[in-house]
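Numbering of the sequence shown is given in my numbering, commencing with residue 21 and proceeding in unit increments.
All residues carry an ideal CB built from backbone N, CA and C; glycine is no exception.
Because the structure is a prediction, the values reported are computed rather than measured.
Report on the following structure.
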Amino acid sequence: MFLGMWLAALDSTIVLASYASVGDELKELKSMSWISTGYLLTQASSQPLYSKLSDIFGRKPCLLVAYTLFALGCLACGMARSMPELVMARMLAGMGGGGMTTVVTITMSDLVPLRSRGMWHGVGNIVWMGGSVIGAPLGGYMADTVGWRWSFFFQIPLAMLAFGTVGALLNIPGHRKVALEDKLRRIDFVGSFCLIATVASLLVTLDRGGDVGWSNVQTTIPFGIFVVFLIALIVTERNFAREPVIPGKTLTNPTYLVIYLSNMASRGTIISTTFYISLYIRAVSGKTAAQAGTALLPSIIGGLMGSLAGGRYTQATGRFKKITVMLNAGMMLGSLFIALFTGVLGHFYIALELGFFLVSIANGCAMNTTLVSLVAEAGPEEQAVASGVLYLFRSLGSVCFLSISSTIFQDTLRRLLQRGLSGYDMDDVEKIVGKVREALSNIEELDAETRSVVHDAYGKSLQVIFGFCLVLAVCAFLTSVFLKDRVLASHGVRARG
Numbered sequence: 021m022f023l024g025m026w027l028a029a030l031d032s033t034i035v036l037a038s039y040a041s042v043g044d045e046l047k048e049l050k051s052m053s054w055i056s057t058g059y060l061l062t063q064a065s066s067q068p069l070y071s072k073l074s075d076i077f078g079r080k081p082c083l084l085v086a087y088t089l090f091a092l093g094c095l096a097c098g099m100a101r102s103m104p105e106l107v108m109a110r111m112l113a114g115m116g117g118g119g120m121t122t123v124v125t126i127t128m129s130d131l132v133p134l135r136s137r138g139m140w141h142g143v144g145n146i147v148w149m150g151g152s153v154i155g156a157p158l159g160g161y162m163a164d165t166v167g168w169r170w171s172f173f174f175q176i177p178l179a180m181l182a183f184g185t186v187g188a189l190l191n192i193p194g195h196r197k198v199a200l201e202d203k204l205r206r207i208d209f210v211g212s213f214c215l216i217a218t219v220a221s222l223l224v225t226l227d228r229g230g231d232v233g234w235s236n237v238q239t240t241i242p243f244g245i246f247v248v249f250l251i252a253l254i255v256t257e258r259n260f261a262r263e264p265v266i267p268g269k270t271l272t273n274p275t276y277l278v279i280y281l282s283n284m285a286s287r288g289t290i291i292s293t294t295f296y297i298s299l300y301i302r303a304v305s306g307k308t309a310a311q312a313g314t315a316l317l318p319s320i321i322g323g324l325m326g327s328l329a330g331g332r333y334t335q336a337t338g339r340f341k342k343i344t345v346m347l348n349a350g351m352m353l354g355s356l357f358i359a360l361f362t363g364v365l366g367h368f369y370i371a372l373e374l375g376f377f378l379v380s381i382a383n384g385c386a387m388n389t390t391l392v393s394l395v396a397e398a399g400p401e402e403q404a405v406a407s408g409v410l411y412l413f414r415s416l417g418s419v420c421f422l423s424i425s426s427t428i429f430q431d432t433l434r435r436l437l438q439r440g441l442s443g444y445d446m447d448d449v450e451k452i453v454g455k456v457r458e459a460l461s462n463i464e465e466l467d468a469e470t471r472s473v474v475h476d477a478y479g480k481s482l483q484v485i486f487g488f489c490l491v492l493a494v495c496a497f498l499t500s501v502f503l504k505d506r507v508l509a510s511h512g513v514r515a516r517g
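Structural data, given as structure tokens:
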């Protein structure tokens, strides 16, 4: 199981380090956030489905399906000829990625005593960070040498190996044989469709709003669709679904809600910070893709340390709130460092990396301790569904806040470029704006004066984004203050299939 988790982690950073190279080759730098957004869209939508389906069909079959979808998605990514094709392929991979993490977490929660879960989730996070550590520099190296497509092809045999090992070695007791027809009756097909449509239309709304304006018909129509499917989802889950994919009580329980919102803000902070620090290093500092990948290592180490600290603390004390609140305060401090030392008070690379480290250590701890607190609150019967909804909120935090930050960045960059190039002919200005938003390599084709304006616009736009990340970090801290503290028990539960 940990092999699949390691692979999902590898994918997350191997792709991050390749973004600028992908945008350059496909001439779609302004749309490159959709490489992440497309993946996170289907990952977010599928996670509650995996939690429910693993209750119905068993953990092992769901894991095998997840590995298959992920491998097919990676194959399609490597063969993509355009940005739309790549985004669609990432969406397919995301359908697999949603299960590769969620089902493993649920299975561990089934088998491990409650008080020890923080430690075991910490072990899982060591595996995760191991994949992340390798993925970042490897992705940058591949982008600079054999090409970014091999970042995806490379993962296919690993997914096949994970499929084989889980298929041969994973044997979970306690599964009851039930007729397929009875299993299918338990699936909330209507609710699942409404959930996917709700998340998808929300993301399209955010993307279109930042590109063409919030009053444009391309924005208002998907927003209307979002409202319709959101209402349909609520009505279906509350009144008609036999076994809702998102039971109403998982969203109305105050303790659950605080955990969900805290995770959403934390994930939004770390994913937006990571994405735009990578762009900052390429566009403002002028470093290579490999160097951008290496720059992610302090963040990965910080996440590992935070996860281990959270696990050890909860195992030793049986509590989780104090360390979560303290490290979320560190996340605020780290975000402040990043915001200040990427232009406001000058460009200090060491301070940037220190801030990134603090943000990551807090996120690593919070992802661990809040999951344990949720499982403790939910109990054996609800832990799979509650965990699935938690992963949904984490993914929504990544997807929505990355989309919002992309909207802010593109809008700010466009305005600053138009202002900085106001002395040029209007047609030339629009051509320049279009070119530098397509690919970073196009910046080097400009004359020295224009290039200076463009670099300045990129730098100031990124300062705005890092300010937005600071706001998210404050939200993560404030919500964590309201976590319900309790002493964790030392018993576990049995697994399903």
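- Comparing alpha-carbon positions, the option among 185, 125 and 206 lying closest to residue 73 turns out to be 206.
- Counting along the chain, residue 239 sits inside the alpha helix (DSSP H) bounded by residues 237–259.
- Within a 10 Å sphere around the beta-carbon of residue 124 sit 16 or more other beta-carbons, which makes this residue buried.
- By the 16-neighbour rule on beta-carbons within 10 angstroms, residue 346 is exposed.
- In the displayed model, residue 362 falls within a strand according to three-state DSSP.
- Runs of the alpha helix (DSSP H) lying entirely within the segment 401–485 and spanning at least 4 residues, in chain order: 446–458.
- A distance below 9 Å separates the beta carbons of residue 265 and residue 257.
- Rounded to the nearest angstrom, the gap between the Cα atoms of residue 431 and residue 240 is 18 Å.
- Residue environment analysis places residue 501 among the exposed positions, since fewer than 16 neighbouring C-beta atoms fall within 10 angstroms of its C-beta.
- Taking 9 Å as the cut-off, the beta carbon of residue 274 is found no closer than this to the beta carbon of residue 402.
- The Cβ atoms of residue 34 and residue 162 sit closer than 9 Å to each other.
- Of the other Cβ atoms in all chains shown, fewer than 16 fall within 10 Å of the Cβ of residue 99; this residue is therefore exposed.
- For residue 315, no alpha helix (DSSP H) encloses it, and the DSSP letter there is neither H nor E.
- Looking at 164, 185, 157 and 159, the one whose alpha-carbon comes closest to that of residue 81 is 185.
- Taking a contact to require three or more Cβ pairs closer than 8 Å, the segment 369–389 and the segment 353–360 qualify as touching.
- Distances from the alpha-carbon of residue 506 to those of 497, 380 and 340 put 340 closest.
- Counting the other Cβ atoms within 10 Å of the Cβ of residue 237 gives fewer than 16, which makes it exposed.
- Between the segment 108–126 and the segment 86–94, the count of Cβ pairs shorter than 8 Å is three or higher; the stretches touch.
- Sixteen is the threshold: since fewer than 16 other Cβ atoms of the shown chains lie within 10 Å of the Cβ of residue 443, the residue is exposed.
- Contact annotation: residue 409 and residue 276 have beta-carbon atoms nearer than 9 Å.
- Excluding five sequence positions before and after residue 223, the CB atoms of its chain that fall closer than 7 Å to its own CB belong to 57, 61, 419 and 423, given in chain order.
- Between residue 503 and the set 417, 481 and 392, the nearest pair of CA atoms involves 392.
- In the DSSP annotation of this structure, the continuous segment of the alpha helix (DSSP H) that includes residue 284 starts and ends at 274–303.
- CA-CA distance, residue 331 to residue 128, rounds to 14 Å.
- By the neighbour-count criterion, in which 16 or more other beta carbons inside 10 Å mark a residue as buried, residue 437 falls on the buried side.
- Residues of the same chain with a CB within less than 6 Å of the CB of residue 38, apart from the 5 flanking positions on each side, are 159, 163, 168 and 171 in chain order.
- In chain order, 208 and 211 place their CB closer than 6 Å to the CB of residue 261, counting only its own chain and leaving out the 5 sequence neighbours on each side.
- Counting the other CB atoms within 10 Å of its CB gives residue 48 a total of 16 or more, which places it among the buried residues.
- Within the same chain, Cβ atoms closer than 6 Å to the Cβ of residue 63 are found at 114, 117, 118 and 415, the five residues on either side in sequence being excluded.
- By the CB criterion at 9 Å, residue 343 and residue 329 fall inside the cutoff.
- Your pair residue 441 and residue 452 checks out as a contact, with CB atoms roughly 6 Å apart and the cut at 8 Å.
- With a 10 Å radius around the Cβ and a threshold of 16 neighbouring Cβ atoms, residue 218 comes out buried.
- The Cβ atoms of residue 300 and residue 425 lie no closer than 9 Å to each other.
- With contacts defined by Cβ atoms closer than 9 Å, residue 187 and residue 84 form a contacting pair.
- Look at the segment 323–361 and you find these whole runs of alpha helix (DSSP H), each 4 residues long or longer: 341–360.
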